[in-house]
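Just below is one structure, and these are the notes that go with it.
Residue numbers (the working numbering), protein chains in the order written: chain A, 1 to 291; chain B, 1001 to 1093.
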């Protein structure tokens, strides 16, 4: 007897899917080196884009070392994660954590599994497509450090890359390695297109640059051959913000918050001059007493 | 900045050293990009074989992939040490 049960494989549905109208822009925040501020930057860019009224989701690709939830301040509300969605253990909407500050901002947490193969290219692609179908305008992918699978998948579907760099030799070198991968190991590269790359300098200390102790913006730009989308000064508020789970961009009294706000505006096409990149001139008494 | 700053050691301008070192290493790594992964390994193994017979430096062996029209040419060059050093070599074993 001939079976009449329809058993069409799920993958076949991709071909007959109607053309999507709303294609979300995928931005990867990457660096190669760890500890340079990728997650801090992802959280602030996502909040900044949301503050501009964009519908945004920020995804933690650091499987096994989830941290974006802490920086975003939603760690106690994580029920389902990225890998649960990929494995169909929940649907996408169940896994999206709505931000408490912005109605149009969502977080997708990384899984804490130790299985390095939990993320698959097909799984990630499906989620990104579904997010686009759901009307998201920006998908911010917080890449893990290194050049392993998680970092590869975070950048693979990117339209743009924000390369986070500290003005320091190992960070600059690793960033150049990442630039090499962005121009060869991404979907855009495979299609003969380019990922639009932006340089974001963090932990910048104008004082140390002036005294000749730190690479300047121009130095890093020259070595990497990239345009600067933002320069975040070394500031105490960055640590305070992560302590309290409030992305630093929300602290508009801090220089770091304002610098991130500028970076977001530039990503959206606005022209803004760099701020906090030169030593602030102190008055006579401040100079005398080291204030 | 305080009154007694002059007592501190004069800072060295290390940023320019960093920039120069980065310029060189980044340029070097960019040229290595896109070449097959096996080249460094091939070079290391060649060096080991050559060293059995001739005492050459690590830098003496160059392995490059050169594009010639539509095919690639593996270009291997080994510069041998001059006579004086050659005689001081242990017997090949």
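Quick reminder that beta carbons are idealized off the backbone N, C-alpha and C, glycines included.
Do you know whose CA, among the options, lies nearest residue i's CA?
i                       : options                           : result
residue 24 of chain A   : A:74, A:41 and A:129              : A:129
residue 148 of chain A  : A:235, A:178 and A:158            : A:178
residue 254 of chain A  : A:267, A:238 and A:57             : A:238
residue 1059 of chain B : B:1027, B:1025, B:1044 and B:1037 : B:1044
residue 99 of chain A   : A:68, A:154, A:158 and A:185      : A:68
residue 1049 of chain B : B:1082, B:1074, B:1078 and B:1070 : B:1078
residue 236 of chain A  : A:168, A:174 and A:205            : A:205
residue 65 of chain A   : A:223, A:276 and A:146            : A:146
residue 202 of chain A  : A:226, A:168 and A:183            : A:168
residue 157 of chain A  : A:126, A:97 and A:115             : A:126
residue 185 of chain A  : A:71, A:79 and A:121              : A:121
Taking only beta-carbon positions, decide if residue i is within less than 8 Å of chain B.
i                      : result
residue 327 of chain A : Since the displayed chain A opens at 1 and closes at 291, residue 327 of chain A lies outside it and no answer follows.
residue 223 of chain A : yes
residue 169 of chain A : yes
residue 69 of chain A  : no
residue 227 of chain A : no
residue 99 of chain A  : no
residue 219 of chain A : yes
Interface residues of chain A around residue i at Cβ under 8 Å?
i                       : result
residue 1031 of chain B : The premise fails here: residue 1031 of chain B is roughly 11 Å from chain A at the closest Cβ pair, so nothing lies under 8 Å.
Let me check one thing: in DSSP terms, what residues is residue i bridge-paired to?
i                       : result
residue 198 of chain A  : A:162
residue 1013 of chain B : Paired residue(s): none; residue 1013 of chain B is not in a bridge.
residue 98 of chain A   : A:106
residue 1078 of chain B : B:1061
Does any CB atom of chain A fall closer than 8 Å to the CB of residue i?
i                       : result
residue 1022 of chain B : yes
residue 1067 of chain B : no
residue 1052 of chain B : no
Please list, in chain order, the chain B residues whose beta carbon lies closer than 8 Å to that of residue i.
i                      : result
residue 214 of chain A : 1015
So which residues on chain A does residue i lean against when the C-beta distance must stay under 7 Å?
i                       : result
residue 1026 of chain B : 173, 176 and 223
Count the other C-beta atoms from every protein chain shown that fall within 10 angstroms of the C-beta of residue i, then say buried if there are 16 or more, exposed otherwise.
i                      : result
residue 62 of chain A  : buried
residue 252 of chain A : exposed
residue 247 of chain A : buried
residue 55 of chain A  : buried
residue 181 of chain A : buried
residue 160 of chain A : buried
residue 214 of chain A : buried
Run down chain B in chain order and give the residues with a C-beta less than 9 Å from the C-beta of residue i.
i                      : result
residue 180 of chain A : 1029, 1030, 1033 and 1034
Report the neighbours of residue i on chain A: residues whose CB is nearer than 9 Å to its CB, in chain order.
i                       : result
residue 1062 of chain B : Per Cβ cutoff of 9 Å: no residues; residue 1062 of chain B is ~22 Å from chain A at best.
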